[in-house]
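For the sequence shown, our numbering begins at 56 and goes up steadily by one. Built from N, CA and C at the ideal position, the CB exists for glycine as well. Predicted model, so just to flag it, every value in this text is computed and none were measured. So the structure is just underneath, and the comments pick up after that.
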Amino acid sequence: MEGDCLKIEIRDGISKVRFAPKSNNLLISSWDSNLRLFDLDTSKLRSEIPLEVGLLGCCFQDESTAFSIGSDCCLRSHDLNSGIHETVGNHDDLATCVEYSMETCQAITGVHIGVEVESISLRGCHLAVGTGTSVNIYDLRNLNEPLETQFSMEYSVSCVGLFADSKGYAVGSVDGLVAVQCLDLSDANDMSYMFRCQPKSRDGKRHLVSVNDVVFNPSHYGAFVTGDNEGYAIMWSAQNRKRLFQFTKYPNSVSSLSYNSSGQFLAVASSYTHQEANEREEPPQIFIHEMNEKVMDMGSVACGTSSLK
56 MEGDCLKIEI RDGISKVRFA PKSNNLLISS WDSNLRLFDL DTSKLRSEIP
106 LEVGLLGCCF QDESTAFSIG SDCCLRSHDL NSGIHETVGN HDDLATCVEY
156 SMETCQAITG VHIGVEVESI SLRGCHLAVG TGTSVNIYDL RNLNEPLETQ
206 FSMEYSVSCV GLFADSKGYA VGSVDGLVAV QCLDLSDAND MSYMFRCQPK
256 SRDGKRHLVS VNDVVFNPSH YGAFVTGDNE GYAIMWSAQN RKRLFQFTKY
306 PNSVSSLSYN SSGQFLAVAS SYTHQEANER EEPPQIFIHE MNEKVMDMGS
356 VACGTSSLK
């Protein structure tokens, strides 16, 4: 399944793609020091906001306001209509990810202070934080201590994504493992397991490929997509423990993924991530896939025999 490639020039690695809360506007942060807003409905670049630093991440506050985090450790707020921005926070070290909570009206960043925060995911008042080899779950109404600290991975966590209903999450690691965990311990036996995205080997040895992002479809419960450093994006079923669909391999690593609010469109950022010395350096691109019922049914039929353990 090949997606439509957006006709925009991005001159350095893509760090994040994020769909707007309601519309089909796509926010794009990259290391070329530009924050871009692409309107999927009109196929036009609505705005391109130049900055003087590389951008490590971005998120929406609402349809007209966004946040970005830069290589200068600053958090900025952007008016997407006027292009005006202001610095709203300055960290002591690099912030690698940012989310905005509509419930508490707060911007939340993951910062390398003491421990390395590799990824955060927010659904309602639940915040999942991937740090080191563990995942901590917080309630935004009480951030003094985590609700619970989930199991530890053998290798470092690279990404985490909460279920659409925030009752569980999937976490990827730098060695290619993905773990699915239910937050309700009564359901843990049914929804707690691990699997390897690409069970490949090179010269008889396991080849470790980082899982760079994981996102859940907001409309198809339990369906999620992983993107890895070899350019593969794969759709899975959390409940059925099955691989649903493998997308056509992308030119570069899959650096970021995002569903729109209805789950109809999936944005895939194909971009080098500088994680490996021999990583491909094709021009960064963004592909859009339409997730209609035909595609979902085709995936469940075509790949339904591939089980996870």
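Applying the 10 Å Cβ sphere with the 16-neighbour rule, what's the burial state of Cys214? Flag for Cys214 reads buried.
Give me whichever residues DSSP pairs with His181 in a beta bridge. Partner(s): Arg178, Asp194.
Residues near Ile63 in its chain [Cβ-Cβ closer than 6 angstroms; skip 5 each side]: Taken in chain order, the residues that qualify are Leu100.
For Leu195 and Thr159, which I take to be in contact (beta-carbon distance under 8 angstroms), what is that distance rounded to the nearest angstrom? Yes, they are in contact, since the Cβ atoms of Leu195 and Thr159 sit about 5 angstroms apart, within 8 angstroms.
Let me check understanding here. Comparing Cα to Cα, which of Leu90, Asn79, Asn89, Gln116 lies closest to Ser98? Measuring from the Cα of Ser98, the nearest candidate turns out to be Asn79.
Between Ser123 and the rest of its own chain, which residues show a CB-CB distance below 6 angstroms, the 5 nearest in sequence each way excluded? Taking C-beta separations shorter than 6 angstroms and ignoring five residues to either side along the sequence, the partners of Ser123 in its chain run Ser84, Leu90, Leu110, Cys113, Arg131, following chain order.
Spatial neighbours of Arg251 within its chain, please: CB distance less than 7 angstroms, with the 5 preceding and 5 following residues excluded, ordered by chain position. Cβ within range, chain order: Gly231, Leu232.
To the nearest angstrom, how far is the alpha carbon of Tyr276 from that of Ala293? Here the alpha carbon of Tyr276 sits roughly 9 angstroms from the alpha carbon of Ala293.
So, Tyr224 versus Leu202, is the Cβ gap smaller than 9 angstroms? The answer is no: Cβ separation not under 9 angstroms.
DSSP three-state assignment for Met249, whether helix, strand or coil: In the structure shown, Met249 falls within a strand segment according to DSSP collapsed to helix, strand and coil.
Return the residue from the list Glu154, His181, Glu107 that minimises the CA-CA distance to Asp220. Relative to the Cα of Asp220, the nearest Cα in the group Glu154, His181, Glu107 belongs to His181.
Decide if Asp268 is buried, meaning its Cβ has at least 16 other Cβ atoms within 10 Å, or exposed. So Asp268 counts as buried.
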